[in-house]
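Residue numbers (the working numbering), protein chains in the order written: chain X, 114 to 343; chain G, 2 to 79.
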């Protein structure tokens with residue numbers, strides 16, 4: 114069985130995989146939702162404005178609670194991360210391949226967080242003081258400190274990737290085995306067993322695991338940026 | 002605290018707990034791979050492998066220490 118993302122077409126020798134197509138779909142959906150949700154605000158919220166305000170408020174509050182009042186401006190980044198990862202992880206429910214089941218997506222996102230950590234760490238503390246932090250507690254530990262920092266994006270991205278791709282593989286194996294099981298009972302043309310039974314597994318691998326790891330990714334980004342800054 | 006950041010936030014600490022495991026395993030595995038690659042390049046089996054495994058283990062415990070003492074250090078400074 115092949116579990117890697119399929120190449121759909123090529124643009125000038127660059128392969129465009131399922132991952133990229135599904136990312137575009139999510140981008141489109143989120144952009145349209147943001148345009149619809151963000152237009153024509155009124156003083157007294159009604160209907161969809163209430164929903165938008167609840168989401169924005171929740172992300173703002175969580176950011177302030179975790180990172181502190183002075184780092185409130187990270188709420189936009191964290192909100193984007195949360196909404197994108199949530200849509201990406203839940204895409205498996207629609208029968209599409211989640212973009213996060215590709216290490217390129219998760220590594221790109223964790224590289225963004227990595228750059229933010231070091232950029233804002235250096236900006237807040239001053240570059241000299243920040244670089245001196247690598248020599249603590251004593252200068253001999255410099256290579257260890259550098260490896261420790263470099264391990265952060267790897268561990269953050271591999272955890273999300275591993276969990277989502279693990280769920281994906283188990284789900285596709287389960288669907289395959291259910292087809293075999295149906296044909297053993299004599300229902301090969303009409304695999305009735307595929308209905309209902311995968312529900313429990315979708316509930317765990319897609320909904321529970323997906324939402325949990327979205328949240329953990331966002332939370333760890335917040336925590337490590339605020340550790341670097343104060 | 003002046004920053005308004007609450008200590009002992011449950012969700013924050015749960016996320017950090019789940020991070021401890023993988024943050025300890027990644028430097029060790031990374032060390033093994035870097036060491037093996039350097040050894041095969043320089044034909045010095047198994048010196049670099051051992052050096053990088055030991056480095057990886059030290060880094061793993063440093064990561065653990067950093068996560069575990071995150072709030073303690075802050076309390077001391079203020």
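Glycine residues also receive a C-beta, built at the ideal position from the N, C-alpha and C atoms.
Bridge partners of residue 127(X) according to DSSP: 124(X). The alpha-carbon separation between residue 258(X) and residue 248(X) amounts to approximately 8 Å. Minimum Cα-Cα distance from residue 327(X) among the listed residues 318(X), 199(X), 130(X), 287(X) corresponds to 199(X). Counting of Cβ neighbours within 10 angstroms places residue 261(X) among the buried residues, the total reaching 16 or more. Within 8 Å of the CB of residue 261(X), the CB atoms of chain G belong to 28, 60, 63, 64, 67, in sequence order along the chain.
31(G) is the residue among 17(G), 31(G), 18(G) whose C-alpha sits nearest the C-alpha of residue 56(G).
Across the set 224(X), 318(X), 203(X), 256(X), the C-alpha of 318(X) shows the shortest separation from the C-alpha of residue 284(X). DSSP, read as helix, strand or coil, puts residue 210(X) in coil. Contact check for residue 305(X) and residue 295(X): beta-carbon distance about 6 Å, within the 8 Å limit, so the pair qualifies. In terms of beta-carbon proximity, residue 333(X) lines the interface with chain G, with at least one pair separated by less than 7 Å.
Per DSSP, reduced to three states, the secondary structure at residue 250(X) is coil, with no helix or strand assignment. Excluding its 5 nearest sequence neighbours in each direction, residue 151(X) has C-beta neighbours in its own chain below 8 Å: 165, listed in chain order. Of the candidates 332(X), 338(X), 343(X), 332(X) places its Cα closest to the Cα of residue 14(G). Comparing C-alpha distances from residue 287(X) to each of 315(X), 234(X), 184(X), 217(X) shows the shortest one belongs to 315(X).
Contacts with chain X (Cβ-Cβ distance below 7 Å) from the stretch 23-48 of chain G involve 23, 24, 27, 28, 31, listed in chain order. CA-CA distance, residue 147(X) to residue 159(X), rounds to 17 Å. Each of 119(X), 187(X), 155(X) was checked against the Cα of residue 225(X), and the nearest Cα belongs to 187(X). Around the Cβ of residue 163(X), a 10 Å sphere holds fewer than 16 other Cβ atoms; the residue is exposed. A Cβ of chain G is located within less than 7 Å of the beta carbon of residue 257(X). For residue 209(X) and residue 235(X), the gap between their C-alpha atoms comes out near 40 Å.
At least 7 Å separates the CB of residue 237(X) from every CB of chain G.
Within 7 Å of the CB of residue 322(X), no CB atom of chain G is found; the nearest one sits about 12 Å away. Each residue's CA atom was taken as its position, placing residue 275(X) and residue 268(X) some 10 Å apart. Interface residue (Cβ-Cβ distance to chain G less than 7 Å): residue 267(X) is classified as such. Close partners of residue 17(G) in chain X (Cβ separation under 7 Å): 336.
CA-to-CA, the gap between residue 27(G) and residue 264(X) works out to about 7 Å.
Contact of residue 272(X) with chain G is assigned, a C-beta pair being separated by under 7 Å.
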